[in-house]
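Number of protein chains: 2
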Amino acid sequence: MTYNLECPVTGYKGTDVVTKAHGGGGKEMQKLIKEMFTKAFPYLQSKYDAALLKISDPTQMVVTTDSFVLEQLTFPGGNIGSLSVHGTVNDLVMMGAKPLYMTVSFILEEGLPMRRLKLLVSLLARAAKKAGIKIVTGDTKVVECSHTNPGIYINTTGIGFEECTKKQVPHLNKISVGDKVIVSGDVARHGMAIMSVREGLELDTPIRSDSAHLCFMVDGLHKRKVFPAFMRDATRGGVATVFNEVARDSKIHIHIDEEKVPVDDDVRGLCEILGYDPLTVANEGRFILFVRPHQAQKVVEILRQFEGGEQATIIGEVVAEHKSGLVTAKTLLGFEKIIHMPAGELLPRIC
Amino acid sequence: MTYNLECPVTGYKGTDVVTKAHGGGGKEMQKLIKEMFTKAFPYLQSKYDAALLKISDPTQMVVTTDSFVLEQLTFPGGNIGSLSVHGTVNDLVMMGAKPLYMTVSFILEEGLPMRRLKLLVSLLARAAKKAGIKIVTGDTKVVECSHTNPGIYINTTGIGFEECTKKQVPHLNKISVGDKVIVSGDVARHGMAIMSVREGLELDTPIRSDSAHLCFMVDGLHKRKVFPAFMRDATRGGVATVFNEVARDSKIHIHIDEEKVPVDDDVRGLCEILGYDPLTVANEGRFILFVRPHQAQKVVEILRQFEGGEQATIIGEVVAEHKSGLVTAKTLLGFEKIIHMPAGELLPRIC
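Sequences listed follow chains A and B, in order. Counting from 712, one number per residue, gives the positions in the first sequence under my numbering. Counting from 712, one number per residue, gives the positions in the second sequence under my numbering.
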């Protein structure tokens, strides 16, 4: 397996590695911004410390922030640049908003090869363009590196405007007994893709992350006049965390048929070897939907028309109110069990 | 000198140090959010990955992002919590906007004493309240620590709405020949305050950082119908960086009378000992204003009524157009010199 490490940002002709001067606010930082960042991010308002944005007729704004601390710059199925963009965009989309603007802040460790930064910047720019979100302002800091492999931390903050009317906005309190629970695709890919790279596993077919933005799928639902009661992307902590958060915050009892949750055979195999429950493993392009029962089949059909949604499946339902936070499942062996909120280390530095 | 290390956040009763589980998306992270963050930040929409915000009749939005990587949690005159809030608020205020919403994202090193996090959270909450900005969403990641003193990186992103009309919004292209250059107070305090702590200097009177939000001062100007052509806070790289950025981007020649730039005697002394030019040292509560000559005296009088503005002074003027980027100064000894864009390491990890 090879990664395409080409870098379309060709402007910067400075030093080979990041130095503290690149974060000092002086000449070197100015050069970096002018020759690398402004070329990669066409909407960047680089002459100010903030971006001034025109907005028209909005009533509600959605804001989200995320830091990304993954050690691997690239992994099968994605890279930290696309991961950052997708993470931010998806948090907006899940709230029914149209992603519009994004900020990017880098914390760079001293000695980072400049070509790695260039590559990251290119990957970010490409993913932002694909998802239709504009990077408008940013910040760069450089810190000492006390180990041998200088890394990058990225923070992205996304701003979107609500496209749904108040009645249509997904909300925890709109979930009702009888609502069907749908997963948009097979689970546990992202966590296991990172894990297999980290453990140096030589798999015949590498497990690819599901990292993807969910704009098209949610837009597809809205265009067909489907507005789910609630949606959440199942990232850190996996779908088990989403079920537990929603059950707790909506004061409902969710029941899942574990057999129906799509899991790729290779992913399940690796989970078994490494001792992880696929329901608790991170995804980066899958989401859980709560929809009225009469719409459930239609939602599945719509989702399946999109890349990443081919395996959308009804996996459970809301069975009772006021059972504060209970999540149960019919297991693969036919027993009943409680799905608890995952605890402990899970998979660290997965995003 | 003692710092008040009390922590008003009393809710959290978990572990003593930060562990990877606190960034894993599972139970421990939920507990941290519920028992510490939501108590400290009353506007936090902690049940979603994004915040949904009502907005009314805005036409222009201002967005800014900053990461803070300072090693010291507190320093004379401030702390990393107030520094983060002030940095974000000031970037909005300098654009003529009213600061409204803020996101906070933590990257925590494993092993960080939980009481340090609690303290930081309290300091952030207090500074946000003082500056009138609402913390509405956030993110927490935990990373390995490869040294002995686990630290914290903070990213804050601020959103404000433009209060000025289009004619009143400060802008680089509004600066004209003859405009006076004003500094809002004495310079180089923040950089030297950090440096004296870092070097372990036992000064008779500790140098206090100028860290402060500039909302009141700018609001004071607006209330008196003064809308400067341009404003910029002089942070990393000091006032010399602001002069050079503005001269370059507005294609003007700025001339400064170095003698008029207020510098505290102790600050100047330390700069001389350590070999820094006060004009290139970071401030965190000082800004440079470009105003029409007939308004300059009025501006100084208004600024001097506010805490932090007592030493506001006219220090120079815009002397010519099309001298692309030239900054000159009459030095303390009466010579003429060019003030270059600072370069090199300056003071690393100062904010």
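Virtual Cβ for every residue (Gly too), placed ideally from N, Cα, C. Only a predicted model underlies this, so the values are computations on that prediction, with no experimental measurement involved.
Asked	Found
Any chain A beta carbon closer than 8 Å to B/Arg919	no
Euclidean distance between Cα positions of B/Tyr714 and B/Lys841	Residue confidence for B/Tyr714 is low, a pLDDT of 39 falling below 50, so the modelled location carries little weight; the figure read from the coordinates is stated next. Cα to Cα, B/Tyr714 sits roughly 19 Å from B/Lys841.
Cβ shell of A/Leu990 (< 6 Å), same chain only, five flanking positions each side left out	Gly949, Val950, Ala951
Alpha-carbon spacing of B/Lys1048 relative to B/Val780, whole angstroms	34 Å
Contact set between B/Asp802 and chain A, taken where Cβ atoms lie within less than 7 Å	Asp760, Ala761
Collapsed DSSP secondary structure at A/Met712 in the structure displayed	A caution first: A/Met712 carries a pLDDT of 34, below 50, which makes its placement in the model unreliable, though a value can still be read off. Three-state result, A/Met712: coil.
Local conformation of B/Ala762 per DSSP, three classes	strand
Range covered by the alpha helix (DSSP H) that runs through B/Arg979	976 to 985
Identity of the residue in B/Ile1050, B/Leu1043, B/Pro973 nearest B/Glu1021 by Cα	B/Pro973
Cross-strand partners of A/Leu819 (DSSP beta bridge)	A/Val853, A/Ile863
Members of the stretch 723 to 741 of chain B near chain A, C-beta cut-off 9 Å	Thr730, Lys731, Ala732, Gly734, Gly735, Gly736, Gly737, Lys738, Glu739, Met740, Gln741
Within chain A, partners of B/Asp1079 - CB distance below 7 Å	The shown model of chain B, from 712 to 1062, leaves out residue 1079 of chain B, and the question about it has no answer.
Sequence-distant residues of its chain with Cβ nearer than 7 Å to B/Phe752 (five each side left out)	Ala836, Ile846
Under 8 Å by beta carbon: chain A residues contacting B/Pro753	Neighbours of B/Pro753 on chain A: none; closest Cβ ~17 Å, over 8 Å.
Assigned exposure category for B/Phe938 - 16 Cβ within 10 Å defines buried	buried
Interfacial residues, the stretch 1041 to 1061 of chain A to chain B, with Cβ spacing under 7 Å	Met1052, Pro1053, Ala1054, Gly1055, Glu1056, Leu1057, Pro1059, Arg1060
Beta carbon proximity, A/Arg947 to chain B, threshold 8 Å	yes
Same chain, Cβ closer than 7 Å to A/Met903, five either side skipped, listed in chain order	Ile918, Val978, Leu981, Cys982, Val992
Buried or exposed by the 16-neighbour rule on C-beta atoms within 10 Å, applied to A/Arg935	exposed
Where B/Gln1006 falls, given that 16 or more other Cβ within 10 Å makes a residue buried	buried
Closest by C-alpha distance to A/Phe954, when choosing among A/Tyr864, A/Ile818, A/Thr1039, A/Ala808	A/Thr1039
Residue burial classification, A/Glu717 (beta-carbon count within 10 angstroms, cutoff 16)	Model confidence at A/Glu717 stands at a pLDDT of 48, short of 50, so the residue's coordinates are unreliable; what they give is reported in the following sentence. Exposed, by the Cβ-count rule.
Residues of its chain near B/Pro861, where Cβ-Cβ distance is below 6 Å and the 5 sequence neighbours each way are ignored	Glu820, Gly822, Leu823
Selection from B/Asp921, B/Glu1012, B/Arg909, B/Ala940 that minimises the alpha carbon distance to B/Arg1060	B/Arg909
Of the residues A/Gly986, A/Val729, A/Arg827, the one placed nearest A/Ala899, counting alpha carbons only	A/Gly986
Classification of B/Ile984 by the beta-carbon crowding that lies within 10 angstroms, buried from 16 upward	exposed
Residues bridged to B/Ser778 [DSSP beta-bridge criterion]	B/Asn866
8 Å CB neighbourhood of A/Gly843 in its chain, flanking five on each side removed	Pro810, Cys926
Buried/exposed call for A/Ala762, threshold 16 Cβ in 10 Å	buried
Under the three-state DSSP convention, the category B/Met906 falls into	helix
Neighbouring residues, chain B, relative to A/Lys852 (Cβ below 7 Å)	Ser778, Val780
C-beta atoms of A/Thr906 and A/Phe998 nearer than 8 Å	Checking the sequence shown, residue 906 of chain A turns out to be Met, not Thr. No, these two residues do not count as a Cβ contact at 8 Å.
Per-residue burial, A/Asn884 [other beta carbons within 10 Å of its own, 16 or more giving buried]	exposed
C-alpha distance - A/Gln1016 paired with A/Leu1057, whole-angstrom precision	33 Å
Close beta carbons around A/Leu834, own chain, < 7 Å, minus the five adjacent residues each side	Asn790, Gly792, Ser793
Runs of beta strand (DSSP E) lying entirely within the stretch 944 to 1015 of chain B, each at least 3 residues, in chain order	963 to 968, 998 to 1002
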